[in-house]
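Have a look at the structure below before the remarks.
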Amino acid sequence: LKTFKIGGIHPGDNKISAQQPIEVVPIPQTVYIPVSQHLGTPAKPIVEKGAIVRTGQLIAKGDGFISANVHSSVSGKVQKVDEVVDYSGYRRLSIVIDTDGDDWLETIDRSQELKKECTLEPKEIVDKINEMGIVGMGGATFPSHVKLNIPQGKKAEYLLINGVECEPYLTSDHQLMLEKGREIMVGITILMKGLNVTKAMIGIENNKKDAIQLMTSLAAEFQGISVHALKVKYPQGAEKQLIKSLLNREVPSGKLPIEVGCVVHNVGTAFAVYEAIQKNKPLFERIVTVTGKSIKKPSNLLARVGTSINDLIAMTGGLPEDTGKIVSGGPMMGRALSNGDAPITKGTSGILVMPEKESKRKTTMNCIRCGSCVTICPMGLEPYLLAKLSENQSWEEAESEHILDCMECGSCQYTCPSGRPLLDHLRVGKSNVSQIIRTRKN
Amino acid sequence: MNLITVSGSPHIHGDQTVKKIMWGVVFAMLPAMLVSIWYFGIGAITTTAIAVASCLAAEYLMKRFLLNEDPDVSDGSAVITGMLLSFNVPSSLPWWQTVLGSIFAIGVAKIAFGGLGKNLFNPALVGRIFLLVSFPVNMTSWPVPLSNRWVLVDALTGPTPLGQLKEGLANGETLSALKMHLPSYQDMFMGQIGGSLGEVSAVAILLGGLYMLYRGIITWHIPTAYLLSVAAFTGILYWIDPTRFIDPMFHLLAGGLMLGAFFMATDMVTSPMTYKGMLVFGVGCGVLTVCIRNWGAYPEGVSFAIIIMNAFVPLINKGFKPKRFGEVANG
Chain A
3 LKTFKIGGIH PGDNKISAQQ PIEVVPIPQT VYIPVSQHLG TPAKPIVEKG AIVRTGQLIA
63 KGDGFISANV HSSVSGKVQK VDEVVDYSGY RRLSIVIDTD GDDWLETIDR SQELKKECTL
123 EPKEIVDKIN EMGIVGMGGA TFPSHVKLNI PQGKKAEYLL INGVECEPYL TSDHQLMLEK
183 GREIMVGITI LMKGLNVTKA MIGIENNKKD AIQLMTSLAA EFQGISVHAL KVKYPQGAEK
243 QLIKSLLNRE VPSGKLPIEV GCVVHNVGTA FAVYEAIQKN KPLFERIVTV TGKSIKKPSN
303 LLARVGTSIN DLIAMTGGLP EDTGKIVSGG PMMGRALSNG DAPITKGTSG ILVMPEKESK
363 RKTTMNCIRC GSCVTICPMG LEPYLLAKLS ENQSWEEAES EHILDCMECG SCQYTCPSGR
423 PLLDHLRVGK SNVSQIIRTR KN
Chain B
179 MNLITVSGSP HIHGDQTVKK IMWGVVFAML PAMLVSIWYF GIGAITTTAI AVASCLAAEY
239 LMKRFLLNED PDVSDGSAVI TGMLLSFNVP SSLPWWQTVL GSIFAIGVAK IAFGGLGKNL
299 FNPALVGRIF LLVSFPVNMT SWPVPLSNRW VLVDALTGPT PLGQLKEGLA NGETLSALKM
359 HLPSYQDMFM GQIGGSLGEV SAVAILLGGL YMLYRGIITW HIPTAYLLSV AAFTGILYWI
419 DPTRFIDPMF HLLAGGLMLG AFFMATDMVT SPMTYKGMLV FGVGCGVLTV CIRNWGAYPE
479 GVSFAIIIMN AFVPLINKGF KPKRFGEVAN G
């Protein structure tokens with residue numbers, strides 16, 4: 003089986019919510035919709051307090067090249083447009099809507115019928131994806147239309163579809179493939195048309211054999227799509243690692259996948275693209291895995307953007323007694339929350355509730371120079387050295403040791419036998435080095 | 179609800195810990211220790227016990243009163259130093275010399291640098307070299323295996339194979355004549371030869387080495403590079419002039435090479451961080467060992483070779499970087 007070559011780790015799978023059918027979360031009384039649910043400039047609200055909105059209506063418009071539209075996930079009345087604490091722990095501008103029924107825009111096709119044909123031209127596809135507010139659903143939330151605009155002088159050769167889901171615990175992509183495989187395939191053909199490529203490859207890790215089998219049989223019905231089982235290894239779902247695994251091509255340091263002729267999209271994004279193009283449905287709901295060792299009923303839930311994390315946890319039997327940590331995302335790259343009040347967004351792939359005894363970090367000991375962090379770093383960096391340089395505030399040296407190549411996958415800290423907070427130091431180093439580079443440019 | 183923790187990712191952690199690594203090494207040393215007790219009896223037991231106890235005591239006291247740290251010694255690193263030091267001395271070494279060696283190993287080679295993980299040189303080897311230059315007579319009197327094992331009298335002493343070789347050649351004996359008196363390879367493999375108490379049995383050390391490889395405590399790079407470079411170098415010499423240089427097999431089984439290659443050159447703290455660096459380090463150890471054995475003043479060169487290469491580790495770490503992902507010529 004194929005996989006990437008440098009580094010990587012094998013954390014315990016813990017996919018306890020696997021094969022749980024997708025359940026719909028009831029629409030809450032109030033939704034909190036942040037205008038920044040994507041990488042880039044926040045969207046600009048276009049509704050005011052007191053406005054009546056319908057489900058799927060545009061409520062904030064993308065601002066600038068890297069930005070995305072935001073749509074209402076419910077129908078009702080805008081209670082306020084104000085700052086609300088989001089999953090990052092910061093106060094961010096959000097549109098708060100008091101729900102009143104669920105009145106969808108009539109342009110949205112709500113039938114479950116599969117619509118295979120797409121008559122739109124490539125340019126129209128990209129524009130519509132932009133209009134519908136589609137962002138990367140794997141967690142990075144990069145606006146999807148930007149990835150489809152190929153820069154001058156570059157050519158896309160392959161569309162790669164990420165069905166790896168290498169984060170432990172998370173199963174939302176897995177379940178989506180099982181239940182919406184055909185729709186994903188159609189979404190892929192639309193993306194292929196938008197990119198003007200003839201070949202698409204779907205990468206799925208070998209711990210999801212049922213999904214590999216299903217997707218392989220479905221792919222036979224479509225031109226140019228192939229499915230590839232990959233050896234289980236974290237962080238295979240990282241864009242550069244996935245390209246390496248599937249095509250054995252290496253994206254040069256500091257460059258984008260298009261440099262080696264690839265564009266990578268998540269299976270969730272492919273599904274969102276299907277709904278946007280074929281059903282006229284903007285991105286305002288998504289599949290979220292809610293899981294954890296003490297959660298009564300680990301589940302894969304379909305929830306409207308803006309529903310509070312507490313509401314999702316309630317669906318799985320409530321917050322367990324022994325809860326010590328709530329994480330938005332997976333255990334390797336997810337973000338710990340201070341409470342469950344924050345709303346889910348377009349990028350929330352999972353909610354992980356960790357028991358008290360697993361929530362605390364280990365005591366830190368001296369580095370014993372075992373070299374594990376160097377061996378497992380998938381970018382071929384030396385985390386122990388970068389962490390030390392960062393601690394000593396030697397930013398220039400950290401830059402020349404390529405600290406910006408770090409994608410914060412956390413493998414080094416996971417592996418460190420001394421329990422050292424390597425990634426904490428690396429993050430500090432990265433932000434300082436980026437700062438320096440920005441000032442240098444100005 | 180309880181208070182919840184907010185911390186940066188990752189939120190899960192692998193199960194490898196410093197304690198597990200260190201106690202794993204201790205476990206891997208048990209076969210060699212049992213063999214040493216079989217061959218050298220009570221001397222092996224007391225020397226090992228004294229070395230471990232003094233290392234633990236030295237570490238505890240110095241951590242507490244010199245470093246002002248939590249004087250926890252349960253990580254096992256001082257136990258390793260103690261065991262390795264005892265493995266590197268004759269079982270007949272006077273007890274107070276063992277104590278001095280232990281204090282020197284922990285105090286000068288480890289605590290003076292800042293404690294666990296910060297030392298440049300392997301503490302046990304520094305302790306051994308300190309003893310060798312301070313008490314050369316006691317450090318080169320080797321009890322004969324299986325003799326007077328359980329009585330507390332001065333043991334019979336005899337030479338080590340390497341000592342026999344060096345002295346013989348210096349006295350102008352021919353290699354073929356010398357070979358008649360050298361122990362058989364089978365004895366050298368099993369350990370029925372004179373030597374430091376933990377180095378004699380190649381098979382016991384190999385057993386421990388394989389265990390550490392299996393547990394992922396060490397990787398193959400350093401031992402393989404070390405042993406192969408010794409075999410290759412001595413092989414070339416043997417091929418050039420078999421009347422002056424003994425065959426590679428003898429060199430592999432004699433002296434502290436096996437112990438050094440598996441237990442001392444592989445010390446994480448004092449060896450390089452990358453696989454490439456480890457290979458360079460191993461070859462350096464091998465070349466130096468052969469040079470010292472053949473042309474140096476001492477019959478054995480493993481400790482010196484490793485200590486010298488320890489000094490090169492920071493340089494090796496700078497010079498042999500891992501291959502970066504997406505590395506390009508001008509990137």
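Protein sequences appear in the order of chains A and B. Our numbering applies: residue 3 is where the first sequence begins, and numbers increase by one. Our numbering applies: residue 179 is where the second sequence begins, and numbers increase by one. Every residue gets a Cβ at the ideal spot worked out from N, C-alpha and C, and that includes glycine.
Could you check the C-alpha separation between Gly294/A and Lys130/A for me, to the nearest Å?
Within the first sequence, numbered from 1, the residue matching residue 294/A stands at position 292. Within the first sequence, numbered from 1, the residue matching residue 130/A stands at position 128. In a straight line, the C-alpha of Gly294/A is about 37 Å away from that of Lys130/A.
Here's a check: name, in chain order, each residue in its chain whose Cβ is nearer than 6 Å to the Cβ of Thr218/A, leaving out the five neighbours to either side.
Taking the first sequence and counting its residues from 1, the one referred to as residue 218/A is at position 216. The beta carbon of Thr218/A is closer than 6 Å to those of Val229 in its chain, skipping five residues each way along the sequence.
In angstroms, rounded to a whole number, what distance separates the CA positions of Glu505/B and Ser436/A?
Here residue 505/B is taken as the residue at index 327 of the second sequence, counted from 1. Here residue 436/A is taken as the residue at index 434 of the first sequence, counted from 1. Going by the C-alpha atoms only, they are around 20 Å apart.
Does the contact criterion of 3 or more C-beta pairs under 8 Å hold for the segment 352-371 of chain B versus the segment 405-412 of chain B?
Flag = no, the segment 352-371 of chain B and the segment 405-412 of chain B do not touch.
Classify Pro301/B as helix, strand or coil using the three-state DSSP reduction.
Here the question's residue 301/B lines up with position 123 in the second sequence. DSSP places Pro301/B in helix when its eight states are reduced to three.
Rounded to the nearest angstrom, how far is the Cβ of Gly373/B from that of Gly433/B, given a contact under 8 Å?
Position 195 of the second sequence, counting from 1, holds the residue named residue 373/B. Position 255 of the second sequence, counting from 1, holds the residue named residue 433/B. Contact holds; Cβ gap of about 7 Å.
For Asn164/A, report the span of its beta strand (DSSP E) as first-last.
Within the first sequence, numbered from 1, the residue matching residue 164/A stands at position 162. The continuous beta strand (DSSP E) containing Asn164/A extends over residues 160-165.
Could you check whether the Cβ of Ala409/B sits closer than 7 Å to any heavy atom belonging to the ligand ZN?
With respect to small molecules bound, the structure shown includes none, and the ligand ZN cannot be examined in it.
For my contact list, Asn488/B and Asn300/B are in at a C-beta cut-off of 8 Å; report their separation, rounded to the angstrom.
Looking up residue 488/B in the second sequence gives position 310. Looking up residue 300/B in the second sequence gives position 122. Indeed, because the Cβ distance is near 6 Å, the residues count as touching under 8 Å.
Buried or exposed, going by whether 16 or more other CB atoms sit within 10 Å of the CB of Arg164/B?
Here chain B covers residues 179 to 509 and nothing more, so residue 164/B does not appear.
In chain order, which beta strand (DSSP E) runs of at least 3 residues are fully inside the segment 164-213 of chain A?
If we require 3 residues or more, the beta strand (DSSP E) runs fully inside the segment 164-213 of chain A come out as 201-207.
Who are the neighbours of Val322/B on chain A, taking C-beta pairs under 9 Å?
Against the second sequence, residue 322/B aligns to sequence position 144. The premise fails here: Val322/B is roughly 39 Å from chain A at the closest Cβ pair, so nothing lies under 9 Å.
Is Val275/A near Gly189/A, with beta carbons less than 8 Å apart?
By one-based count along the first sequence, residue 275/A stands at place 273. By one-based count along the first sequence, residue 189/A stands at place 187. Cβ distance < 8 Å, so Val275/A and Gly189/A count as in contact.
Contact with chain B by Asp129/A, beta-carbon distance below 8 Å:
Stepping through the first sequence from its first residue, residue 129/A is reached at position 127. Output row for Asp129/A: interface = no.
Can you have a look at Lys501/B and say buried or exposed, based on whether 16 or more other CB atoms are within 10 angstroms of its CB?
Here residue 501/B refers to the residue found at position 323 when the second sequence is read from its first residue. Classification for Lys501/B: exposed.
Got a sec, what are the start and stop residues for the beta strand (DSSP E) His267/A sits in?
To locate residue 267/A, count along the first sequence from 1; it is residue 265. Annotation for His267/A: the continuous beta strand (DSSP E) segment containing it runs 264-268.
To test your reading of the DSSP string, which unbroken alpha helix (DSSP H) runs of 4 or more residues are found completely within the segment 294-331 of chain A?
Counting only runs of 4 or more, we get 311-317.
Ser96/A (DSSP reduced to helix, strand or coil):
The residue given as residue 96/A occupies position 94 in the first sequence. Secondary structure of Ser96/A (DSSP, three-state): strand.
Which residues, in chain order, does the segment 191-209 of chain B contribute to contact with chain A at a C-beta distance below 8 Å?
Residues His191, Gly192, Gln194, Thr195, Val196, Lys198, Ile199.
Quick check on Val26/A: buried or exposed, where buried means 16 or more other Cβ atoms within 10 Å of its Cβ?
Numbered from its first residue, the first sequence carries residue 26/A at position 24. It counts as exposed.
Per DSSP, what kind of secondary structure is Gly10/A in: helix, strand or coil?
Translated into positions along the first sequence, residue 10/A becomes position 8. If DSSP states are grouped into helix, strand and coil, Gly10/A belongs with coil.
Three-pair Cβ contact test at 8 Å for the segment 312-326 of chain A versus the segment 338-349 of chain A:
Touching, yes.
Quick check: is the beta carbon of Met217/A nearer than 8 Å to any beta carbon in chain D?
Of the chains in the structure shown, none is chain D; the protein chains are A and B.
Can you tell me whether DSSP reads Trp106/A as helix, strand or coil?
Stepping through the first sequence from its first residue, residue 106/A is reached at position 104. Three-state DSSP puts Trp106/A in a strand.
At what residue ranges does the segment 342-397 of chain A contain a whole run of the alpha helix (DSSP H), taking only runs of 4 or more?
For the segment 342-397 of chain A, whole alpha helix (DSSP H) runs of length 4 or above, ordered along the chain, are 358-361, 374-378, 385-393.
Could you tell me which chain B residues have their CB closer than 9 Å to the CB of Ala400/A, listed as they occur along the chain?
Within the first sequence, numbered from 1, the residue matching residue 400/A stands at position 398. Within chain B, no residue has its CB atom less than 9 Å from the CB of Ala400/A, the nearest being about 14 Å off.
Lys516/B versus chain A: which residues are under 7 Å apart at the beta carbon?
Residue 516/B is absent from the model: chain B starts at 179 and stops at 509.
I want to verify the contact list: residues of chain A whose CB lies under 9 Å from the CB of Gly350/B, in sequence order.
Within the second sequence, numbered from 1, the residue matching residue 350/B stands at position 172. Within chain A, no C-beta atom comes nearer than 9 Å to that of Gly350/B; the closest sits roughly 47 Å away.
How about Gln415/A: is its C-beta nearer than 8 Å to some C-beta of chain B?
One-based indexing of the first sequence puts residue 415/A at position 413. Under the Cβ criterion of 8 Å, Gln415/A is counted among the residues facing chain B.
Going by beta carbon distance, what residues of the same chain come within less than 6 Å of Asn349/B, once the five residues before and after it are set aside?
Sequence index remark: in the second sequence, residue 349/B carries index 171 (1-based). Closer than 6 Å at Cβ, skipping near neighbours: no residue.
Kindly indicate the opening and closing residues of the alpha helix (DSSP H) around Asp426/A.
On the first sequence, position 424 is the one that residue 426/A refers to. Going by DSSP, Asp426/A is part of the alpha helix (DSSP H) stretching over 424-443.
Any idea if Asp445/B is buried or exposed, counting beta-carbon neighbours within 10 angstroms, 16 or more meaning buried?
Along the second sequence, read from residue 1 onward, the residue named residue 445/B stands at position 267. Burial call: buried.
Name, please, each residue of chain B whose Cβ falls closer than 8 Å to the Cβ of Met356/A.
Counting from one through the first sequence, the residue named residue 356/A turns up at place 354. Near Met356/A (Cβ distances below 8 Å), the residues of chain B are His189.
Tell me Ala62/A's beta-bridge partners as DSSP assigns them.
Counted from its first residue, the first sequence places residue 62/A at position 60. Answer is Pro47/A, Val72/A, bridged to Ala62/A.
Find out if the Cβ-Cβ distance for the pair Thr5/A, Leu232/A is shorter than 8 Å.
Within the first sequence, numbered from 1, the residue matching residue 5/A stands at position 3. Within the first sequence, numbered from 1, the residue matching residue 232/A stands at position 230. For the pair Thr5/A and Leu232/A, the CB atoms are nearer than the 8 Å cut-off.
With H, G and I counted as helix, E and B as strand and the rest as coil, what does DSSP make of Leu35/A?
By one-based count along the first sequence, residue 35/A stands at place 33. It should be noted that the sequence gives Ile, not Leu, for residue 35/A. DSSP places Ile35/A in strand when its eight states are reduced to three.
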